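A.B. asks:
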Amino acid sequence: MRWFFSLRREVPASDEPVPVWERPLGEAPYFVLDLETSGFSPARDKILSVACATFSGWRSEPDESFYAVVRHDDVADVPLHIWELTGLSPEAVRAGEPLESALRRALELGAGRVWIAHHIRHDLGFLQRATDALWRLRLRPLAMDTAVVAQVLARAARPLKLEEACEWLGIPVVGRHQADADVRMTAAVWRKEMELCARLGLQTVKDVIDWVSARATG
Numbered sequence: 001m002r003w004f005f006s007l008r009r010e011v012p013a014s015d016e017p018v019p020v021w022e023r024p025l026g027e028a029p030y031f032v033l034d035l036e037t038s039g040f041s042p043a044r045d046k047i048l049s050v051a052c053a054t055f056s057g058w059r060s061e062p063d064e065s066f067y068a069v070v071r072h073d074d075v076a077d078v079p080l081h082i083w084e085l086t087g088l089s090p091e092a093v094r095a096g097e098p099l100e101s102a103l104r105r106a107l108e109l110g111a112g113r114v115w116i117a118h119h120i121r122h123d124l125g126f127l128q129r130a131t132d133a134l135w136r137l138r139l140r141p142l143a144m145d146t147a148v149v150a151q152v153l154a155r156a157a158r159p160l161k162l163e164e165a166c167e168w169l170g171i172p173v174v175g176r177h178q179a180d181a182d183v184r185m186t187a188a189v190w191r192k193e194m195e196l197c198a199r200l201g202l203q204t205v206k207d208v209i210d211w212v213s214a215r216a217t218g
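So the sequence shown is numbered by full-length UniProt numbering: it starts at 1 and just counts up by one.
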């Protein structure tokens, strides 16, 4: 399972900062991301909203956060259950922010950070298609999937859904399938997972990636 995209291993010069993957879990900078989409296919479906937040280490409050409903003039192909699930509406989407500016603002927050998302391949699939179309930009973030980390820590047969991970870790589930709420819950899940990983002796982001990659299935 390829659940993170890139882990560069160049050795920095002595006067350069320690790479994010070598920093202690409690000191690394994180970027938590969630998209709400009209379906599961980046080729056919739309990004409806974008939410993200940055924080460092064990902080419970984000340093910065961003949320935008993405504008689409034609929403006839968005299934009814998506509006019901996300709490969005055709009117809100038609009045939303252009995708280019929403993604630019989000990606600026994510620069130089460890990306955190639940079922991150879904989000990265949509982001990669959009950034390729807009800027011919190839995304290769250092990314952590909290669903897979939860699977390994809980010794589950499959990656946990966000609400399942929250229940397992004692985190209230509020506003599920709303991008900004999902970001808050995903950040809380990652903090709990960091604590559990630290108890196992995993000290850095790289330690967690290596440990989980060796044990993840599916």
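Backbone N, C-alpha and C define an ideal beta-carbon position, used for all residues, glycine too. This structure is a prediction, so every number in the text was calculated from the model and none was measured.
Less than 7 Å between C-beta atoms, sequence neighbours within five positions excluded: which residues of the same chain meet that for residue 37?
C.D. replies: Here the set comprises 45, 46, 47, 48, 126.
A.B. asks: Which residue's Cα is closest to the Cα of residue 25: 201, 33, 120, 173?
C.D. replies: The shortest Cα separation from residue 25 among 201, 33, 120, 173 belongs to 201.
A.B. asks: Using C-beta distances below 6 Å, list every residue in its chain close to residue 67, excluding the 5 sequence neighbours before and after it, in chain order.
C.D. replies: The residues are 51, 180.
A.B. asks: Could you tell me which residues DSSP puts in a beta bridge with residue 89?
C.D. replies: DSSP output for residue 89 lists no bridge partner at all.
A.B. asks: When DSSP labels each residue in this structure, what does residue 41 get in the three-state scheme?
C.D. replies: In the structure shown, residue 41 sits in coil (DSSP, three-state: anything other than H, G, I, E or B).
A.B. asks: What does a CB cutoff of less than 8 Å around residue 215 pick up in its chain, not counting 5 residues either side in sequence?
C.D. replies: Correct list, in chain order: 152.
A.B. asks: Name the residue from 210, 188, 20 whose alpha carbon lies nearest to the alpha carbon of residue 118.
C.D. replies: Selected option, being the one with the closest Cα: 188.
A.B. asks: DSSP state of residue 163, grouped into three classes?
C.D. replies: Residue 163: helix per DSSP, three-state reduction.
A.B. asks: When the Cα atoms are used, what is the spatial distance from residue 100 to residue 134?
C.D. replies: Straight-line Cα distance between these residues: approximately 7 Å.
A.B. asks: Relative to the C-alpha of residue 213, which residue among 158, 98, 149 is closest?
C.D. replies: Among 158, 98, 149, the Cα nearest to that of residue 213 is on 149.
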